[in-house]
Amino acid sequence: MIRVTFWRGRDGELGGFRVTGHAGYGPKGGDIVCAAVSALAQTAVLGLEDQLEGKPQVTIRDGDLQCRLPADLSPAGARTARVILRTLEVGLNTIATDYRPYVQVEYKTLTSET
């Protein structure tokens, strides 16, 4: 199962996300659920890296992608990040609804340990 965690700041805004695991929907290399989730998550990271003045903190390992926004975003950067992360959120929640046993989405409060 793929687990998606969205981190929210104290203000309620999305501050990052983590995608872990493998869907198990199909064989390795042919799993459309895993491919869809990976494409959305990686595109969000690329969009954030391209559009923000400060780079997000990104960690990518096999079956684990984490992305956290920089703390010092300008108001314009925060708006841009909000649009990109909200788009990712809509896409991943739609996949989680359509492929419920394979993708789970949860929300946590962003802390210094997150």
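For what it's worth, this note's numbering labels the leading residue of the sequence shown as -14, then goes sequentially.
Don't be surprised by glycine CBs; every beta carbon is placed ideally from N, CA and C.
Note that this is a predicted model, so its numbers are computed, not measured.
query                                                                                                                                                     : result
Let me check understanding here. Comparing Cα to Cα, which of G14, L54, M(-14) lies closest to T5?                                                        : M(-14)
Can you tell me where the alpha helix (DSSP H) with L104 in it begins and where it stops?                                                                 : A question about residue 104 goes unanswered here, because the residues of the chain that appear run from -14 up to 99.
Terminal residues of the continuous beta strand (DSSP E) containing L31?                                                                                  : Premise fails: L31 lies in the alpha helix (DSSP H), 17 to 36, not in any beta strand (DSSP E).
Could you pull out every residue in the same chain whose Cβ sits closer than 6 Å to the Cβ of Q51, ignoring the five residues on either side in sequence? : R3, T44
Less than 8 Å between C-beta atoms, sequence neighbours within five positions excluded: which residues of the same chain meet that for V22?               : I(-13), V(-11), V4, A8, L77, I80, V88
Would you kindly report the start and end of the unbroken beta strand (DSSP E) that includes L(-1)?                                                       : -1 to 5
Please state if the CB of G1 and the CB of L54 are separated by a distance shorter than 8 Å.                                                              : yes
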